[in-house]
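The structure appears right after this line, and notes come after that.
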């Protein structure tokens, strides 16, 4: 028995190296998501963010529709529809769900709620002074 040759290289990663590689991939993905969120939310006007944050807040109390949101923000339903459309165009994760082919319920994607709080989003939008 001559033993195992030691002069051959292997392409097989050890379990530790594979786990480290996966962790780096996950961290890279998280950083990419954070950067994407910062860009999207910093690009909103104050009024657009106000509409988004109202949905985020009101949704905790129950279903939110155009009428409820308009009443809460003291805006017309038409204005709310316009702001929702602008939020969608800017890639903000707002969900519109039609109920009984008539009433539209608004919500914030549950994935966003799991990732970040409204307070954290407000901090993202806060101007940075140096």
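Residue numbers (this note's numbering): 53 to 182. Built from N, CA and C at the ideal position, the CB exists for glycine as well. Everything numeric in this text was worked out from a predicted model, so none of it was measured.
Looking at the DSSP output, residue 81 sits in no beta bridge, so it has no partner there. Nearest Cα to residue 174 within the set 77, 93, 75, 72: 93. By the neighbour-count criterion, in which a residue is buried when 16 or more other Cβ atoms sit within 10 angstroms of its Cβ, residue 96 is buried.
Considering only 150, 133, 163, the residue with the shortest C-alpha distance to residue 100 is 133.
Around the beta carbon of residue 107, 16 or more other beta carbons lie within 10 angstroms, which makes this residue buried. Between the C-alpha atoms of residue 129 and residue 76 there is a straight-line separation of about 46 angstroms.
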